[in-house]
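Written out below as structure tokens is the structure these notes cover.
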Amino acid sequence: AQSVTQLGSHVSVSEGALVLLRCNYSSSVPPYLFWYVQYPNQGLQLLLKYTTGATLVKGINGFEAEFKKSETSFHLTKPSAHMSDAAEYFCAVGPGTGRRALTFGSGTRLQVQP
Amino acid sequence: GAGVSQSPSNKVTEKGKDVELRCDPISGHTALYWYRQRLGQGLEFLIYFQGNSAPDKSGLPSDRFSAERTGESVSTLTIQRTQQEDSAVYLCASSLETGPAGNTIYFGEGSWLTVV
Numbered sequence: 800a801q802s803v804t805q806l807g808s809h810v811s812v813s814e815g816a817l818v819l820l821r822c823n824y825s826s827s828v829p830p831y832l833f834w835y836v837q838y839p840n841q842g843l844q845l846l847l848k849y850t851t852g853a854t855l856v857k858g859i860n861g862f863e864a865e866f867k868k869s870e871t872s873f874h875l876t877k878p879s880a881h882m883s884d885a886a887e888y889f890c891a892v893g894p895g896t897g898r899r900a901l902t903f904g905s906g907t908r909l910q911v912q913p
Numbered sequence: 000g001a002g003v004s005q006s007p008s009n010k011v012t013e014k015g016k017d018v019e020l021r022c023d024p025i026s027g028h029t030a031l032y033w034y035r036q037r038l039g040q041g042l043e044f045l046i047y048f049q050g051n052s053a054p055d056k057s058g059l060p061s062d063r064f065s066a067e068r069t070g071e072s073v074s075t076l077t078i079q080r081t082q083q084e085d086s087a088v089y090l091c092a093s094s095l096e097t098g099p100a101g102n103t104i105y106f107g108e109g110s111w112l113t114v115v
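If you read the protein sequences in the order shown, they are chains A and B. Quick note: the first sequence, position 98, residue 897 per the numbering used here, numbers continuous. Quick note: the second sequence, position 68, residue 67 per the numbering used here, numbers continuous.
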């Protein structure tokens, strides 16, 4: 079975500050890991994904995440927050044994203060 | 189409009524997924299609929920005898083929269902 834990349902940062959204996963098979972003009243959009190879993954809008197997983590970071980054962020893991769909975390709502 | 299209975008229904939610995946995508997102919560997997068959329907919460896919394209999620706890956003997604490894999963904007 696979699971994802996102620490902190709400994170607030100041504009220009570092963004750090935490994600820990559990998987019995080598995981593929994803971050999705959901802007208000919109569908989910892929930010970045890790499948194999380089453990530091760069995504859109200046976000990146590092796969750390020893820590079972895949935290999302951005050096400098922008007001437009305010959204809900979901970490996901897949595929599961016998299941092809992704398993999502409960999400972290990022608030950016001016 | 250019993206995953879902309809209706919003639906208010009375408790006990049946509803149908439609998903048009991206053309050529053989894998199709349904998720449910309750207010303030994460995504809950419902069912996955590969072509017209559903190898994994383990997430359907009860026998009031069913889904089908035809022509390896459009999918319909049906909820019978709706209950208030069915109120949620129902998200459809598609990808080129099974497995998320090399194939990005694209989501629609969802169908917001409110049961009153």
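Glycine included, every Cβ here is placed at the ideal spot set by N, Cα and C.
Output yes or no for whether 8 Å exceeds the beta carbon distance between A:CYS822 and A:GLY906.
no
Local conformation of A:ASP884 per DSSP, three classes:
helix
Are the beta-carbon atoms of A:PHE873 and A:TYR824 separated by less than 8 Å?
The Cβ atoms of A:PHE873 and A:TYR824 lie closer than 8 Å to each other.
Only counting the same chain, and skipping five residues up and downstream in sequence, which positions put a Cβ closer than 7 Å to that of A:VAL818?
VAL812, THR876, LYS877, ALA880, ASP884 and LEU909
Presumed contact (8 Å Cβ cut-off) between B:THR75 and B:ARG21, rounded CB distance:
6 Å
Measuring only between beta-carbons, confirm whether B:PHE106 sits less than 8 Å from chain A.
yes
Let me check understanding here. Comparing Cα to Cα, which of B:VAL88, B:LEU38, B:SER57 and B:GLU84 lies closest to B:GLU108?
B:VAL88
Taking B:GLY109 as the query, report the chain A residues whose CB atoms sit under 8 Å from its CB, ordered along the chain.
GLY842
Quick one: Cα of B:LEU31 to Cα of B:SER6, how far?
15 Å
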